[in-house]
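The sequence shown stops at residue 164 when you use our numbering, and every number in between is there. Glycine included, C-beta positions come from ideal geometry on N, C-alpha and C.
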Amino acid sequence: MEDLSKSPQSQHASLRVPTDLNALVRVLEWFDRLESPAVPQRIWLQCKTALAEGFTNAVRHAHRDRGDDDLPIEVEFEQTPTYLELRILDSGPPFDLEGKLNNLPTSSDLHATGGRGLKLMQCIADRLSYKRLDDKRNCLSILKYYESEP
Numbered sequence: 015m016e017d018l019s020k021s022p023q024s025q026h027a028s029l030r031v032p033t034d035l036n037a038l039v040r041v042l043e044w045f046d047r048l049e050s051p052a053v054p055q056r057i058w059l060q061c062k063t064a065l066a067e068g069f070t071n072a073v074r075h076a077h078r079d080r081g082d083d084d085l086p087i088e089v090e091f092e093q094t095p096t097y098l099e100l101r102i103l104d105s106g107p108p109f110d111l112e113g114k115l116n117n118l119p120t121s122s123d124l125h126a127t128g129g130r131g132l133k134l135m136q137c138i139a140d141r142l143s144y145k146r147l148d149d150k151r152n153c154l155s156i157l158k159y160y161e162s163e164p
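(1) I'd like to know if the stretch 46-62 and the stretch 107-115 are in contact, where contact means that at least 3 CB-CB pairs between them fall below 8 Å.
(2) Using the Cβ count rule (16 or more neighbours within 10 Å means buried), how would you classify L137?
(3) So A27 is in the alpha helix (DSSP H); what residue range does that whole segment cover?
(4) If you count every other CB in all the chains shown that lies within 10 Å of the CB of L118, and 16 or more means buried, which is it?
(5) Nearest to T94 by alpha carbon, out of S50, V31, R40, L142?
(6) Please go through the same chain and pick out, in chain order, the residues whose beta-carbon is closer than 8 Å to the beta-carbon of L85, but skip the five residues on each side of it.
(7) If you reduce the DSSP assignment to three classes, tell me which class L85 lands in.
(8) Spatial neighbours of L157 within its chain, please: CB distance less than 7 Å, with the 5 preceding and 5 following residues excluded, ordered by chain position.
Structure below.
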């Protein structure tokens, strides 16, 4: 399910997909359709990378033991004249993002098959946060500021 809304000052969109790594293609295609010339290409690609990491983490970790392939993950998009924000909402158990980031090793194992996504999202985002919502879902927020290129 897709929802798109625009105003002169901002653009909002949301997408719901099942908990399935194969849905990543759909998520990224949806994100590409939202691309705006106001956002520098470098920033757009960084946000796309962070979105892929965040979505993949929700599938692999938040919903891992849920046993319900139809359990949705929702992605929300907001673009204003100064920032782009992506929110990934899942129904998994709460997660201590700050604690996990603080306990990551300072050097990365280049041969590891995982474990670098959180650090990558932290490097990309100007603000990375994760909170439990009143409706018992979790929200990973990736906020990136930008200035339009002349």
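From the atom records:
(1) no
(2) The residue you asked about is not Leu; residue 137 is Cys in the sequence shown. That one is exposed.
(3) First-last for A27: 25-32, but that is the beta strand (DSSP E), not the alpha helix (DSSP H).
(4) exposed
(5) S50
(6) P32, T33, H77, S105
(7) coil
(8) Y97, E99, A139, D140, R141
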